[in-house]
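S.K.: Mapping to our numbering: the sequence shown position 139 is 130, numbers consecutive. A virtual CB, placed ideally from N, CA and C, is assigned to each residue, including glycine. Pasting a structure below so you can have a look.
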Amino acid sequence: MSSHARSGPVAGFIRGVNGLSTLAGVVAASMIVLAVLITCQMIWVRFVLNQSTVWQTEMVIYLMVAATLVGLPYVQRLRGHVNVDLVPMVLSPGGRRLLAWIVAIGVLAVAGIISFYGAEFWYVAWKRGWKSETVWEVRLWIPYLAVPVGFILLALQYLADLLALATGADKPFGLDDSSGL
């Protein structure tokens, strides 16, 4: 990595986005832990106390979906998404770089579209005061917010990945130029 790639505004942006993605990962993990605790409480209330539950199932569902969406940038930061390593490994370094750019730009486009329509859907739910059709009557803008937040953060992480690739701070698919089959 060149000294230019380690300092300057681009490197600062990359570090900032990586930090934000890590924070999103912590929030997502916390949501999962909270969902597990609520599930345990629900089991206790239903089967030990023999009482009905009102909000627990719905809350666990919303937390797990939100954790999945908010955790997207952290998984990308760690390169934990499912991928096919064989294709980049058989390509030349130039082909690998081109494929990395195509994939990242494609994901940025999809994440941008989902962010836009997710934000629009969230706004409509908020503006119209939509509530779930359950006894708990959750204001739906709250769980719907996870869609634009998660995909905006994912887009930022992919943008940081592209900048890291462009500045030489990162290699395409994490593979050295000499890597391959």
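#1: Once the 5 residues before and after T44 are set aside, which same chain residues still bring their CB inside 7 Å of it?
#2: On the DSSP bridge assignment, give the partners of R68 in chain order.
#3: What three-state label does DSSP hand K162 in the structure shown?
#4: In terms of residues, what are the limits of the alpha helix (DSSP H) holding W46?
#5: Need the endpoints of the alpha helix (DSSP H) that T125 sits in, please.
#6: Am I right that V61 and V18 are in contact with their C-beta atoms under 8 Å? What's the rounded C-beta distance?
#7: Using beta-carbon positions only, say whether V138 and G120 come within less than 9 Å of one another.
#8: Alpha carbon to alpha carbon, how far is F112 from Q42? Give it in angstroms, no decimals.
#9: Say whether the segment 0 to 13 touches the segment 146 to 156, bearing in mind that this needs 3 or more beta-carbon pairs closer than 8 Å, one atom from each stretch.
#10: Short of 6 Å in beta carbon distance, which residues of its chain neighbour A26, apart from the five on each side in sequence? Order them along the chain.
#11: Does D167 pass the burial test, meaning 16 or more other C-beta atoms within 10 Å, or should it be called exposed?
M.R.: Looking at the coordinates:
#1: M33, V36 and R37
#2: Bridge partners of R68: none, in fact.
#3: coil
#4: That residue, W46, is in no alpha helix (DSSP H); it is neither H nor E in DSSP.
#5: Where T125 is concerned, there is no enclosing alpha helix (DSSP H), given that its DSSP letter is neither H nor E.
#6: 6 Å
#7: no
#8: 36 Å
#9: yes
#10: V51, L54 and M55
#11: exposed
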